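Colleague: In our numbering, the protein residues as written are 59 to 346. Sharing a structure here in structure tokens format.
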Amino acid sequence: MRSWRNKEVALNEHLYAVIMAGGVGSRLWPRSRAATPKQFLDLLGPRTLLQATVDRLTPLIPPDRILVVTGADHAPTVREQVPALPPENLLIEPGPRGTAPCIGLAAVALRRRDAEATMVVCPADHVIADGDAFRRAVTAAARFAQDDYLVTLGIRPESAHTGYGYIQRGDPLGQAQGLTVYRVRRFTEKPDAATARRFVDSGEYDWNGGIFIWRVETILAEMARLLPTLDAELQAVARAWGTPAWAETLKGAWQRVPRTTIDYGVMERAERVAVTPVEMGWDDVGNW
Numbered sequence: 059m060r061s062w063r064n065k066e067v068a069l070n071e072h073l074y075a076v077i078m079a080g081g082v083g084s085r086l087w088p089r090s091r092a093a094t095p096k097q098f099l100d101l102l103g104p105r106t107l108l109q110a111t112v113d114r115l116t117p118l119i120p121p122d123r124i125l126v127v128t129g130a131d132h133a134p135t136v137r138e139q140v141p142a143l144p145p146e147n148l149l150i151e152p153g154p155r156g157t158a159p160c161i162g163l164a165a166v167a168l169r170r171r172d173a174e175a176t177m178v179v180c181p182a183d184h185v186i187a188d189g190d191a192f193r194r195a196v197t198a199a200a201r202f203a204q205d206d207y208l209v210t211l212g213i214r215p216e217s218a219h220t221g222y223g224y225i226q227r228g229d230p231l232g233q234a235q236g237l238t239v240y241r242v243r244r245f246t247e248k249p250d251a252a253t254a255r256r257f258v259d260s261g262e263y264d265w266n267g268g269i270f271i272w273r274v275e276t277i278l279a280e281m282a283r284l285l286p287t288l289d290a291e292l293q294a295v296a297r298a299w300g301t302p303a304w305a306e307t308l309k310g311a312w313q314r315v316p317r318t319t320i321d322y323g324v325m326e327r328a329e330r331v332a333v334t335p336v337e338m339g340w341d342d343v344g345n346w
């Protein structure tokens, strides 16, 4: 295990954020649609969901360490809405292939920049009312990520919702920032109503909010072990980065990689997975 001193360094100098800003926002049609997905709309206030996500992160992570991944069609909107984002921090996917390739591309980019990087992965379209609670949970999770855990934030369930994945907590690993971090016993994706009710009544489960914290080297090692096809393509992209062949290499890789979510591809099969339950006023703004 790494020393606590090294953990503190990682939390400060080596902490990065990756905002996933792809997707077409079809669940909020007609206001949210392919041309203007929900993450680029000001649904709940003067700031768009993407801008609110950046605002939530910047007290902890400066803009030069925030990356946004999106598609070519939405890149101009990202630049307009987040003018402080350095140009090199905008990663453009050739097409939507699921969260695993998206995260893999960002991890490769960060490894080129900082081999000691710890990345906080956030969707761009979530609402979190309590930013302080969010940042405390991220800080706690990042501490345990230094021991090569893949950490996710668990949302305390408010109902037996069948549209979310559920995380069963296992043994506690320890505490940080006043929060307990647990081993993950298992993931269950979108259970039926009876199962969801049983999960909530047990008190052992949290909703899977899709917010992840891990060391870049840890997630890339797990992708190499569990998603070898994706890993091979990411390695090719990494070798071509900064060369004239990079754009074509990335385009070809994205044509070949299977569509895969990070939950199915990695989190449900990895061994060192942890969860930090937190109450932070979370909502994924999935429906009107």
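Note that CB positions come from ideal geometry on N, CA and C, so glycine has one too. In this text the structure is predicted, and so the values were computed from the model without any measurement.
For Asp342, which residues from the same chain have a beta carbon less than 6 angstroms from its beta carbon, with the 5 sequence-adjacent residues on both sides left out?
Modeller: Around Asp342: His184.
Colleague: With a CB to CB cut of under 7 angstroms and the five nearest residues on each side skipped, what residues in its chain are close to Asp206?
Modeller: Contacts found: Arg273, Thr276, Arg330.
Colleague: On the premise that Gly236 lies in contact with Ile225, defined as a C-beta separation below 8 angstroms, what is that separation, rounded to the nearest angstrom?
Modeller: Actually they do not touch by this definition, with Cβ atoms about 20 angstroms apart.
Colleague: How would you call Lys309, buried or exposed, if buried means at least 16 neighbouring beta carbons within 10 angstroms?
Modeller: Its Cβ having fewer than 16 others within 10 Å, Lys309 is exposed.
Colleague: Which residues share a DSSP beta bridge with Ala177?
Modeller: Residue identity differs from the one stated: residue 177 is Met in this sequence, not Ala. Looking at the DSSP assignment, Met177 forms a beta bridge with Tyr74, Trp272.
Colleague: How should Glu382 be labelled, buried or exposed, when 16 other C-beta atoms within 10 angstroms of its C-beta is the threshold for buried?
Modeller: Since the first and last residues shown for the chain are 59 and 346, residue 382 lies out of range.
Colleague: Using CA coordinates, which residue listed in Ile161, Val333, Pro181 is at the minimum distance from Leu17?
Modeller: This structure gives no information on residue 17, because the portion of the chain shown stretches from 59 to 346.
Colleague: Suppose the cutoff is 8 angstroms on Cβ atoms and the five residues either side in sequence are ignored; what does the same chain contact list for Thr106 look like?
Modeller: Closer than 8 angstroms at Cβ, skipping near neighbours: Gln97, Phe98, Leu99, Asp100, Gln139.
Colleague: What residue range does the alpha helix (DSSP H) around Arg297 cover?
Modeller: Taken as a continuous stretch (DSSP letters only), the alpha helix (DSSP H) holding Arg297 covers 286-298.
Colleague: Quick one: Cα of Leu292 to Cα of Pro316, how far?
Modeller: Rounded to the nearest angstrom, the two C-alpha atoms are 12 angstroms apart.
Colleague: By how many angstroms is the C-alpha of Thr210 removed from the C-alpha of Pro120?
Modeller: In a straight line, the C-alpha of Pro120 is about 21 angstroms away from that of Thr210.
Colleague: Relative to the alpha-carbon of Arg114, which residue among Pro159, Thr319, Ala191 has its alpha-carbon at the smallest distance?
Modeller: Answer by Cα proximity: Ala191.
Colleague: Under 7 angstroms, do Cys180 and Ile271 count as touching if we go by C-beta distance?
Modeller: Taking 7 angstroms as the Cβ cut-off, Cys180 and Ile271 do not qualify as a contacting pair.
Colleague: Below 8 angstroms on the Cβ atoms is my guess for Ala200 versus Leu73; work out the distance and round it to an integer in Å.
Modeller: The pair is a contact, with the Cβ atoms about 6 angstroms apart (cut-off 8 angstroms).
Colleague: Of the residues Arg283, Ala198, Gly189, Phe202, which one's Cα is nearest the Cα of Val112?
Modeller: Among Arg283, Ala198, Gly189, Phe202, the Cα nearest to that of Val112 is on Gly189.
Colleague: So, helix, strand or coil for Thr197, using DSSP?
Modeller: Three-state result, Thr197: helix.
Colleague: Please work out which residues of its chain come closer than 7 angstroms, Cβ to Cβ, to Arg89, disregarding the five sequence neighbours upstream and downstream, and give them in chain order.
Modeller: Confidence is the limiting factor: at Arg89 the pLDDT is only 43, short of 50, which leaves the residue's position unreliable, though a coordinate-based value still follows. Same-chain partners within the cutoff: Leu99.
Colleague: If you follow the alpha helix (DSSP H) that Gln109 is part of, which residue opens it and which one closes it?
Modeller: That run of the alpha helix (DSSP H) goes 107-115.
Colleague: With a threshold of 8 angstroms, are at least 3 pairs of Cβ atoms found where one atom belongs to the segment 214-221 and the other to the segment 245-258?
Modeller: They touch, by the three-pair rule.
Colleague: Would Ala158 and Gly323 be called neighbours here (beta carbons separated by less than 7 angstroms)?
Modeller: A contact, by the Cβ cut-off of 7 angstroms.
Colleague: When we look at the beta-carbon of Ile124 and count the other beta-carbons within 10 Å, is it buried (16 or more) or exposed?
Modeller: Flag for Ile124 reads buried.
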